[in-house]
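Here is the structure we will look at, set down as structure tokens.
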Amino acid sequence: MAGVKQSPADPRRSEVLAALSLAIDLGLGQPMEHMLRASLLALRIARAAGVDAAGQGRIYYANQLAWIGCHADSFELAALFSDDIAFRADYYNRDQHGLPMYAGMFSHAGAGLPPLARVAYWTRFAATGSGAVRNMIASHCVSAGVLASSVGLDDGVAGLLTHTFERWDGKGLPEGVSGQDIPLEMRIMHLADTAEVFLRREGLAGAAAMVRARRGSQFDPALAGLFSDQAEALTEGLLDVDCWQAALDLAPTDAPLSGSQLDAVLRAIGDFADLKSPYTAGHSRAVAALAAAAGEEHGLPADDVRELRRAGWVHDLGRLGVSNQVWDKKVPLSGLDLERIRMHPFLGERILSRVPGLKGEAALTGSHHERLDGSGYPRGIGGTELGIKQRILAAADSYHASLEPRPHRPALTPADAAARLRQEVSAGRLGTEAVEAVLVAAGQQPRRPHATAGGLTPVSYT
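Residue 140 is where the sequence shown starts when you use my numbering, and the numbers rise one by one after that.
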């Protein structure tokens with residue numbers, strides 16, 4: 140393991156995947172850098188346990204991505220437990236087997252229902268809930284392995300992720316693998332992931348007590364003993380360190396990503412974000428293709444077109460930080476719901492901006508819901524503060540979202556979606572040139588607008 144000098148021009152795989160881990164943290168209901176700090180702890184435990192460099196390399200990446208498949212079942216999890224993020228956050232609080240596990244499930248099942256309706260829901264859940272959870276975990280493991288492979292990680296990492304929910308005592312899921320049949324790297328990750336949460340919330344004493352309590356059940360007893368014996372040394376400075384930089388300094392040597400490699404990783408991340416809800420499947424790929432085609436139609440340089448395409452792939456990464464309880468609601472959203480939704484471009488921007496080579500994509504991500512009249516979000520900027528790339532991505536996202544069904548409305552036809560987009564131009568919210576470039580790229584007939592002062596919006600079309 141060795142530190143690798145950062146290259147602002149060409150992001151490294153370790154940087155991009157570290158950013159992805161921040162998004163995973165949000166979906167777990169944990170503060171950003173939870174998975175990075177857990178990775179640091181896991182590597183310390185691995186060294187103390189005598190794991191070789193190759194094993195440490197697998198731990199490094201597998202620990203950051205261990206929960207990556209969870210977001211693929213957010214829709215189903217929210218259907219069972221109301222708030223998928225709150226349920227995952229609570230997961231760490233209990234040794235997940237027997238009565239503690241069922242108590243946790245029932246505390247979330249049917250949340251928000253009237254008392255009698257909730258009792259009826261519990262009855263149905265008791266009959267079918269365990270099977271549904273088992274199926275979701277099996278799906279999680281498959282999704283995690285597929286995504287690990289799609290971002291260029293080797294089969295050793297993907298193989299580890301199939302054991303994310305197994306336990307030392309064999310009472311885990313999906314296969315009930317037990318003891319030393321669970322790879323040592325994953326046994327270390329199991330301990331480090333949960334110990335980080337307790338260390339951060341309850342200090343060293345709380346983390347040590349949790350590990351002792353779960354020794355021989357959730358955790359490998361030998362590793363639990365190692366942690367108990369060396370707890371102070373293993374956790375020294377862990378809460379004060381710059382986790383981002385410390386994790387990158389320990390990254391296995393990897394070449395910078397560029398060209399098709401970076402495209403493949405960002406495209407996979409976009410696919411991952413779209414799995415948050417069945418309503419958004421394929422959305423990011425479609426927006427990326429449309430925005431890039433519109434950029435070409437507008438005559439943008441090749442570098443700008445490439446940046447638009449890449450931003451399109453990752454523009455909705457921040458969606459992972461908002462519960463499906465909000466995204467999949469069929470009734471009008473509350474003020475609090477709307478505030479949560481308005482945060483997702485900001486979250487995506489903050490995550491991507493940690494990667495020096497993705498600053499442009501980060502800025503586009505943060506502004507894809509801004510509008511020329513200042514009515515957009517999250518910052519409410521408008522007018523000349525929004526460049527042509529920002530306007531094109533906003534128009535491409537808006538147009539393609541209209542073609543997709545949502546919980547509260549059916550999909551629009553291409554003609555109706557085009558009409559709606561031109562109405563946004565007339566209202567001063569979207570830019571004329573950007574919208575026409577998007578619509579031409581989408582196969583719609585171009586129309587000539589009459590411009591008003593500044594050329595920002597038309598009064599009418601001919």
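Even glycine gets a Cβ: it sits at the ideal position worked out from N, Cα and C.
Treat the numbers as computed from the prediction; the structure is a model and nothing was measured.
Quiz item: Grouping DSSP H, G and I as helix and E and B as strand, with all else coil, what is ARG493?
Solution: It is coil, neither helix nor strand.
Quiz item: DSSP three-state call for PRO322: helix, strand or coil?
Solution: Shown here, PRO322 sits in coil according to DSSP, grouped into three states, outside any helix or strand.
Quiz item: How is THR601 classed by DSSP in three states: helix, strand or coil?
Solution: Low confidence applies to THR601: its pLDDT is 46, below 50, so where it sits in the model is not reliable enough to give any reading.
Quiz item: First and last residue of the alpha helix (DSSP H) that includes GLU563?
Solution: Counting along the chain, the alpha helix (DSSP H) containing GLU563 begins and ends at 553–565.
Quiz item: In chain order, what residues of the same chain have a beta carbon less than 7 Å from the beta carbon of ALA148, not counting five sequence neighbours either side?
Solution: Excluding sequence neighbours, ALA148 sits near GLY496.
Quiz item: What do you reckon, are the CB atoms on ILE408 and ALA185 nearer than 8 Å?
Solution: Taking the C-beta atoms as reference points, ALA185 is found no nearer than 8 Å to ILE408.
Practice problem: Report the rounded CA-to-CA distance for GLU341 versus ALA334, giving the unit in angstroms. | Solution: Put simply, the backbone Cα of GLU341 is about 10 Å away from that of ALA334.
Quiz prompt | At least 3 beta-carbon pairs within less than 8 Å: the region 260–269 vs the region 279–292 | solution = No, the region 260–269 is not in contact with the region 279–292.
Practice problem: May I have the straight-line CA-CA distance separating THR596 from HIS547, to the nearest angstrom? | Solution: With a pLDDT of only 46 at THR596, under the threshold of 50, the placement of this residue in the model should not be trusted, and no figure is reported.
Exercise. With LYS498 as the anchor, note down where its alpha helix (DSSP H) starts and where it stops.
Key: Note, LYS498: alpha helix (DSSP H), 498–505.
Quiz prompt | Local Cβ density within 10 Å of VAL155, reported as buried at 16 or more and exposed below that | solution = The residue is buried, with at least 16 neighbouring Cβ atoms inside 10 Å.
Practice problem: Report the rounded CA-to-CA distance for MET349 versus PHE337, giving the unit in angstroms. | Solution: Approximately 8 Å, taken between the alpha carbons.
Exercise. Can you have a look at HIS415 and say buried or exposed, based on whether 16 or more other CB atoms are within 10 angstroms of its CB?
Key: It should be pointed out that residue 415 corresponds to Lys in this sequence rather than to His. LYS415 is buried by the Cβ-count criterion.
Quiz item: Would the beta-carbon of LEU532 fall within 8 Å of that of LEU511?
Solution: Not closer than 8 Å, so no.
Practice problem: Work out the CA separation of LEU312 and HIS437 for me, nearest whole Å. | Solution: Cα-Cα distance, rounded: 52 Å.
Quiz item: By the 10 Å Cβ neighbour count, where 16 or more other Cβ atoms means buried, how is GLY168 classified, buried or exposed?
Solution: Classification of GLY168: buried, given that the 10 Å Cβ count is 16 or more.
Quiz prompt | Proximity of ASP223 and SER462 at Cβ, strictly below 8 Å | solution = Between ASP223 and SER462, the C-beta spacing is below 8 Å.
Quiz item: Would you call the region 540–555 and the region 563–573 touching, i.e. three or more CB-CB distances under 8 Å?
Solution: Inter-segment contact for the region 540–555 and the region 563–573 is absent: fewer than three beta-carbon pairs are separated by less than 8 Å.
Quiz item: With 16 as the cutoff for other CB atoms within 10 Å, does SER397 come out buried or exposed?
Solution: Within a 10 Å sphere around the beta-carbon of SER397 sit fewer than 16 other beta-carbons, which makes this residue exposed.
Exercise. Decide yes or no for the touch test of the region 490–507 against the region 446–464: beta carbon pairs closer than 8 Å, at least 3 of them.
Key: Touching, yes.
Exercise. Using alpha carbons as the reference points, say which of VAL494, SER565, ALA181 and TYR231 lies closest to GLN384.
Key: Nearest option by C-alpha distance: VAL494.
Practice problem: Please classify ARG548: does DSSP put it in a helix, a strand, or coil? | Solution: Reduced to three states, the DSSP call for ARG548 is strand.
Quiz item: Helix or strand or just coil, what does DSSP make of PHE304?
Solution: PHE304: coil per DSSP, three-state reduction.
Exercise. Output yes or no for whether 8 Å exceeds the beta carbon distance between LEU159 and GLY460.
Key: For LEU159 and GLY460, no; Cβs fall outside 8 Å.
Self-check item: contact_flag[the region 224–242, the region 251–263] where n(CB pairs < 8 Å) is 3 or more
Solution: The way I'd put it, the region 224–242 doesn't touch the region 251–263; fewer than three beta-carbon pairs between them come closer than 8 Å.
Self-check item: Status (buried if at least 16 other CB within 10 Å, exposed otherwise) for ARG559
Solution: By the 16-neighbour rule on beta-carbons within 10 angstroms, ARG559 is exposed.
Exercise. For the alpha helix (DSSP H) containing GLN203, list its first residue and its last residue.
Key: Per DSSP, GLN203 belongs to the alpha helix (DSSP H) from 192–204.
Quiz item: Nearest-angstrom Cα distance between PRO170 and GLY284?
Solution: Cα-Cα distance, rounded: 24 Å.
Quiz prompt | Cβ-based neighbour list, ALA550, same chain, cut-off 6 Å, excluding 5 preceding and 5 following | solution = Excluding its 5 nearest sequence neighbours in each direction, ALA550 has C-beta neighbours in its own chain below 6 Å: LEU542, GLU543 and PRO544, listed in chain order.
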